[in-house]
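Here is the structure we will look at, set down as structure tokens.
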Amino acid sequence: MIGTGYVGLTTGLGYAALGHRVVCVDKDTDKIAKLDFGQAPFYEPGLEEILKTLQENGQIIFTTDLSSVIESANVLMITVQTSPKTDGRADLSHVEAVAEEIGDLLNHEALVVLKSTVPVGTNRRVLQIIRDRLSQKGKVDLAELIHIASVPEFLREGSAISDFLSPDRVVIGADDEVVFRTVEEMHRGIKSVFLRTRIESAEFIKVASNAFLATKISFINEISNIVDGTGADIREIARGIGLDKRIAPYFLNAGIGFGGSCFPKDVAALKSYAGIIGYDFRLLKSVIEVNNFQRELFFKKIISRLGSLKNRKIGVWGLAFKPNTDDVRESAAIDIVQRLIGAGADVSVYDPQAMQTASRVLPEKVVFAPTPIDAASGVEALLVLTEWPEFRCVSFDTLKFCMIDPIIFDGRNALADINLSQLGFEYIGIGLCDSRK
Ligand code: UGA
């Protein structure tokens with residue numbers, strides 16, 4: 024595995040758990056040193072335990088030096104980052120640099136698998152770079168023996184290992200029977216649908232999947248915006264439409280919108296790719312617009328209820344872009360906290376895992392509280408921005424007692440089924456039957 028970020032590490036552990044011998048390579052010496060000691064560089068449920076077990080069994084090792092391990096590799100998997108450039112296009116410089124390095128170092132036949140999320144055409148380009156480098160080094164015969172497969176990953180942060188071991192499908196984009204069989208063999212032990220496709224189709228399947236899921240979220244969010252005040256409830260609506268098998272019940276939770284390192288990036292990249300070939304992808308433009316608007320609308324709701332936020336004390340529960348992760352990249356929660364600070368509010372925050380990662384991006388003025396109750400003490404309103412299950416387990420009597428005004432704005436409808444109004448709170452959610460106050 025070349026690249027030991029989120030995808031590289033979790034996928035590497037997945038292949039090791041299937042019985043393969045995995046070497047994870049990364050240029051980041053600190054990260055590799057930590058991993059060597061069994062420390063995960065980010066929070067993911069169950070990851071450190073699996074890491075320790077597989078390390079003890081010798082199934083997985085870590086190194087910064089590709090040249091020292093490339094000789095023994097049958098498969099070289101590229102899992103480096105493809106962060107977005109300012110115009111939304113994916114930055115392929117890391118992928119290309121790895122391709123060059125492989126071409127320079129490789130002396131034997133190997134299969135290259137590209138797992139990084141990339142725009143259509145990248146796999147063939149990577150293969151060409153490797154072959155060109157091999158030829159330049161005088162290894163012309165070897166160049167023809169190198170093949171590539173696009174095997175996109177569909178795992179979610181927070182449930183990555185189980186997603187790897189029980190995927191809805193394994194997509195294999197290749198143009199050679201032996202390559203298809205090799206990749207299928209690598210997944211032996213996984214029960215799933217194995218879909219063989221053209222390389223370009225596999226590249227599209229990955230980004231189109233994310234774009235479609237993001238579209239579902241923006242759709243339900245728009246419905247939630249017109250539900251307020253009608254007496255209808257977005258949760259009932261989502262359930263009702265989700266029971267139609269053609270729609271399915273997933274990704275219909277209304278809220279302050281999607282974030283993370285994937286959806287915002289992949290939707291922007293697909294829209295940008297369409298623009299480059301002269302196609303105006305209007306639907307995706309709206310998906311992005313609606314997603315940004317959700318945050319703005321939520322913020323406006325707060326202002327319209329509380330008035331000026333200057334020197335007002337606001338508590339926040341949840342900073343991660345979703346529960347079960349410490350990742351705050353493109354997190355709607357971070358955006359809301361920044362808006363609160365921008366409006367002059369005094370903000371205290373709590374997140375079960377993302378305090379450290381959030382502290383790197385939030386202004387110094389933000390107070391990081393040790394417990395949910397501490398974050399809510401003395402505040403004039405509490406915002407729930409990530410639906411961590413543990414927020415449902417606090418003592419709501421204690422919570423009410425410690426807040427100056429018991430007003431809760433729930434950006435994820437995380438507490439909607441707890442009858443907070445009856446407990447004396449003013450509760451404002453997203454598209455709930457009584458959410459217009
Ligand atoms: C997403 C995809 O779900 C994975 O299949 C894919 O492999 C991954 O991106 C990737 O490309 O690497 P992830 O970013 O971990 O996974 O998170 P999701 O669970 O998809 O959630 C993304 C965002 O959508 C979160 O901010 C979440 O709060 C939001 N969301 C999700 C909603 O607002 N409503 C929903 O109903 C579901």
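Going by the working numbering, the sequence shown opens with residue 24, and the numbers climb by one from there.
From the three backbone atoms N, C-alpha and C, an ideal C-beta is built for every residue, glycine too.
Task: Limits of the beta strand (DSSP E) - the one that Phe274 falls within - done: Run containing Phe274: none; DSSP gives neither H nor E here.
- [ ] Confirm the yes/no value for this check: CB of Tyr273, any heavy atom of the ligand UGA, distance under 8 Å.
- [x] yes
Open item on the list: What does the alpha-carbon distance come out to for the pair Leu455 and Ala277?
Closed with: 10 Å
Open item on the list: Suppose you measure from the CA of Gly126 to the CA of Ile171; what does that come to, to the nearest Å?
Closed with: 13 Å
Task: Proximity to Asp303 [Cα-Cα], best of Lys294, Gln361, Val310 - done: Lys294
TODO: Compare the Cα-Cα distances from Asp349 to each of Gly144, Met24, Ala439, Pro64 and report the closest residue.
DONE: Pro64
TODO: Compute the beta-carbon to beta-carbon distance between Asp433 and Tyr450, rounded to the nearest angstrom, for a pair I have assumed lies under 8 Å.
DONE: 7 Å
- [ ] Note the first and the last residue of the continuous beta strand (DSSP E) segment covering Asp433.
- [x] 430-433
- [ ] Output the boundary residues of the beta strand (DSSP E) element that contains Ala404.
- [x] 404-407
Open item on the list: Can you give me the C-alpha to C-alpha distance between Ala56 and Gly28, rounded to a whole angstrom?
Closed with: 14 Å
Task: Cut-off 6 Å between Cβ atoms - residues of its own chain near Ala355, not counting five sequence neighbours on either side - done: Ile279, Gly280, Gly282, Arg318
Task: Start-end ranges of the beta strand (DSSP E) lying completely within the stretch 99-173, minimum 3 residues - done: 134-137, 170-173
TODO: From the DSSP output, in three-state form, read off Glu353 for me.
DONE: coil
- [ ] Could you check how far apart the C-beta atoms of Val290 and Val313 are, in whole angstroms? I think they sit under 8 Å.
- [x] 11 Å between Cβ atoms; not a contact.
Task: Arg192 - partner residues in DSSP beta bridges - done: Val216
TODO: Starting from Lys294, trace the alpha helix (DSSP H) both ways and give me its first and last residue.
DONE: 286-299
Open item on the list: For the ligand UGA, is there any heavy atom lying closer than 8 Å to the beta carbon of Ala423?
Closed with: The question names Ala, but residue 423 is Lys in the sequence shown. Incorrect: Lys423 has no Cβ contact closer than 8 Å to the ligand UGA.
- [ ] Classify Lys460 as helix, strand or coil using the three-state DSSP reduction.
- [x] Annotation note: pLDDT 42 at Lys460 (below 50); position unreliable, coordinate value reported separately. Three-state result, Lys460: coil.
- [ ] Compute every distance between the C-beta of Ala292 and the non-hydrogen atoms of the ligand UGA, then say whether any falls below 8 Å.
- [x] no
TODO: From the DSSP output, read off the bridge partner residues of Lys336.
DONE: Asp369
Open item on the list: Can you give me the C-alpha to C-alpha distance between Phe187 and Asn97, rounded to a whole angstrom?
Closed with: 21 Å
- [ ] For the stretch 34-48 and the stretch 211-218, state whether three or more C-beta atom pairs, one from each stretch, are separated by less than 8 Å.
- [x] yes
Open item on the list: Between Ser284 and Glu353, how many whole angstroms is the CB-CB distance? I'm expecting something under 8 Å.
Closed with: 7 Å
Task: Local Cβ density within 10 Å of Thr394, reported as buried at 16 or more and exposed below that - done: exposed
Open item on the list: Just verifying my parser: in three-state terms, what is the DSSP assignment at Phe242?
Closed with: helix
- [ ] Buried or exposed for Ser371, please, with buried defined as at least 16 other CB atoms from any protein chain shown within 10 angstroms of its CB.
- [x] buried
TODO: Give the DSSP-derived three-state secondary structure of Val389 in the structure shown.
DONE: coil
- [ ] Apply the 10 Å Cβ neighbour rule to Ala234 and answer buried if 16 or more other Cβ atoms are within range, or exposed otherwise.
- [x] buried
Open item on the list: Buried or exposed, going by whether 16 or more other CB atoms sit within 10 Å of the CB of Lys229?
Closed with: buried
TODO: Say whether the stretch 188-199 touches the stretch 73-80, bearing in mind that this needs 3 or more beta-carbon pairs closer than 8 Å, one atom from each stretch.
DONE: no
Task: Given Ile93 as reference, the closest of Leu115, Ser116, Ala133, Lys75 once Cα atoms are compared - done: Ala133
TODO: Please report how far the alpha carbon of Thr380 lies from the alpha carbon of Val351, in whole angstroms.
DONE: 7 Å
Open item on the list: Just to confirm the assignment, what range does the alpha helix (DSSP H) spanning Val384 have?
Closed with: Here Val384 belongs to no alpha helix (DSSP H), and DSSP marks it neither H nor E.
Open item on the list: I want to check one thing, is the minimum distance from the CB of Asp289 to the heavy atoms of the ligand UGA below 8 Å?
Closed with: yes
Open item on the list: Within a Cβ cutoff of 7 Å, which residues of the same chain sit near Tyr66, ignoring the five residues on either side of it in sequence?
Closed with: Thr348, Asp349, Gln376
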